[in-house]
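Each remark here refers to the structure printed beneath this line.
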Ligand code: GN1
Ligand code: MG
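In our numbering, the protein residues as written are 341 to 703.
Take a look at the structure:
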């Protein structure tokens, strides 16, 4: 393994790297905070992109360039601007550097005095998230999705994940008998009829492809430690053409579950309607300008589907012996699947309330 400090010095970080420490809780890429001897700033983010998740990481960097060019033409004067990560180029002028083992590294600016959260602790945070996601979608609403590469083809295509699950499950003969596993398998099997709801609506032309973030979970929003407002939306690796529904569903399955993705007690997992309302109110206020009535009609389905889909992805990875998501113990992906399925079940239980809320907020 090549020392990260050596990699950091391949980039123009405004100073020499003094030390490098792990940053964040990402389940896919390796992320580090670099401290440099630069007099201003003095920090940068260094990341090794996971090539199994992103076979062509150059596309991520090209998408980021397209986004930053677009944003430059769009800065609206009254907006509190949402900062997006800036690329720090390598000393050879490229947007990335490769290590001797073929590892793909990139550097981004670090936003000082900011913090991330794993779970929502007050409704003000949820309002901030809704406003920021709405602002991001508004910002890219006139950016042609054809200009963006699909960095992860099939991302959030639930029928695709279901087919993979069915295939892996059929071959998984070496799994020890386990009630948690059989419950999860049965839960997944029973929801086959719902998996194509969004893709079918897309095929029928009811839902249009737009530029989406792809992974707007709570801890990808940076909060200012002083004002407690959101200053930035990070982790744009999965930004690509998709349905805004994927983003709204992903954001809510993350924010409106106060127990988080890995709670000690699965019984604590539920879909919090107050958090949902706090997030959707500013989101829809912003997004009404570009969402159609068909878009609105599928929001409930998206909320249910994306939490189910994430559970299905965790379950499939468990059956495949944890080759995709980082884990600390065997069984963690199964536990994560149980959590998302419990959340899905609670969303289903609240279907009428969630639909009424969406109808009222978008009226
Ligand atoms: C992964 O790497 P990270 O933690 O930002 C995953 C998301 C999941 C999330 C669950 C490329 O995101 O889709 O929702 O874990 N990203 C990818 O925590 O698969
Ligand atoms: Mg991510």
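Note that the Cβ used here is the ideal one computed from N, Cα and C, for glycine as well.
Within 7 Å: the Cβ of residue 433 and any heavy atom of ligand 1?
no
Using a threshold of 7 Å, is the CB atom of residue 369 nearer than that to any non-hydrogen atom of ligand 1?
yes
What first and last residue would you give for the alpha helix (DSSP H) that runs through residue 552?
Segment 550 to 552 is the beta strand (DSSP E) holding residue 552; no alpha helix (DSSP H) there.
Going by DSSP in three states, residue 675 sits in which element: helix, strand or coil?
helix
For the structure I just gave you, are there three or more beta carbon pairs, one from the segment 424 to 443 and one from the segment 539 to 559, closer than 8 Å?
no
Would you tell me roughly how many angstroms separate the C-alpha atoms of residue 669 and residue 522, rounded to the nearest one?
19 Å
So, do the segment 378 to 390 and the segment 525 to 537 have three or more beta carbon pairs nearer to each other than 8 Å?
no
With a threshold of 16 other CB atoms inside 10 Å of the CB of residue 566, please say whether the residue is buried or exposed.
exposed
My assumption, with CB atoms under 8 Å, is that residue 687 sits in contact with residue 647. Please give the rounded CB distance.
6 Å
Exposure of residue 445, with buried meaning 16 or more beta-carbon neighbours within 10 Å
buried
Could you tell me the alpha carbon to alpha carbon distance between residue 629 and residue 661, rounded to whole angstroms?
45 Å
How would you call residue 626, buried or exposed, if buried means at least 16 neighbouring beta carbons within 10 angstroms?
buried
Is it the case that the CB of residue 555 approaches a heavy atom of ligand 1 more closely than 7 Å?
yes
Beta strand (DSSP E) containing residue 359: first to last residue?
357 to 362
Just the Cα atoms here: how many angstroms apart are residue 460 and residue 467?
10 Å
To the nearest angstrom, how far is the alpha carbon of residue 546 from that of residue 635?
8 Å
If you drop the 5 nearest sequence neighbours on each side, which residues of the same chain put their C-beta closer than 7 Å to that of residue 702?
624, 628 and 636
Between residue 571 and residue 423, which are expected to be in contact by the criterion C-beta below 8 Å, what is the C-beta distance as a whole number of angstroms?
6 Å
Have a look at the DSSP bridge pairing and note the partners of residue 476.
DSSP lists no partner for residue 476.
Taking all protein chains shown into account, do 16 or more other C-beta atoms lie within 10 angstroms of the C-beta of residue 649, making it buried, or fewer, making it exposed?
buried
Is the beta carbon of residue 359 closer than 8 Å to that of residue 371?
no
Quick one: is the Cβ of residue 520 within less than 7 Å of any heavy atom of ligand 1?
no
Inter-residue CB distance, residue 674 and residue 502 (contact presumed, cutoff 8 Å):
In fact, because the Cβ distance is near 18 Å, the residues do not count as touching under 8 Å.
Would residue 389 and residue 577 qualify as a contact pair, given that the criterion is a beta-carbon distance under 8 Å?
yes
Just checking residue 492 against ligand 1 - is the residue's beta carbon closer than 7 Å to any of the ligand's heavy atoms?
yes
For the alpha helix (DSSP H) holding residue 633, just list the boundary residues, first then last.
633 to 637
Would you call the segment 441 to 455 and the segment 595 to 615 in contact, with 3 or more CB pairs under 8 Å?
no
Is it buried or exposed, residue 497, if we count other Cβ atoms within 10 angstroms and call 16 or more buried?
buried
Beta strand (DSSP E) segment containing residue 742, residue limits
A question about residue 742 goes unanswered here, because the residues of the chain that appear run from 341 up to 703.
Out of curiosity, what's the CA-to-CA distance linking residue 394 and residue 580?
12 Å
For the alpha helix (DSSP H) holding residue 353, just list the boundary residues, first then last.
No alpha helix (DSSP H) contains residue 353, which DSSP labels as neither H nor E.
Among 659, 537 and 542, whose alpha-carbon lies nearest the alpha-carbon of residue 645?
537
Contacts around residue 741, its chain only, beta-carbon distance under 7 Å, and the 5 residues preceding and following it disregarded
Past the edges of the chain, shown from 341 to 703, lies residue 741, and the structure says nothing about it.
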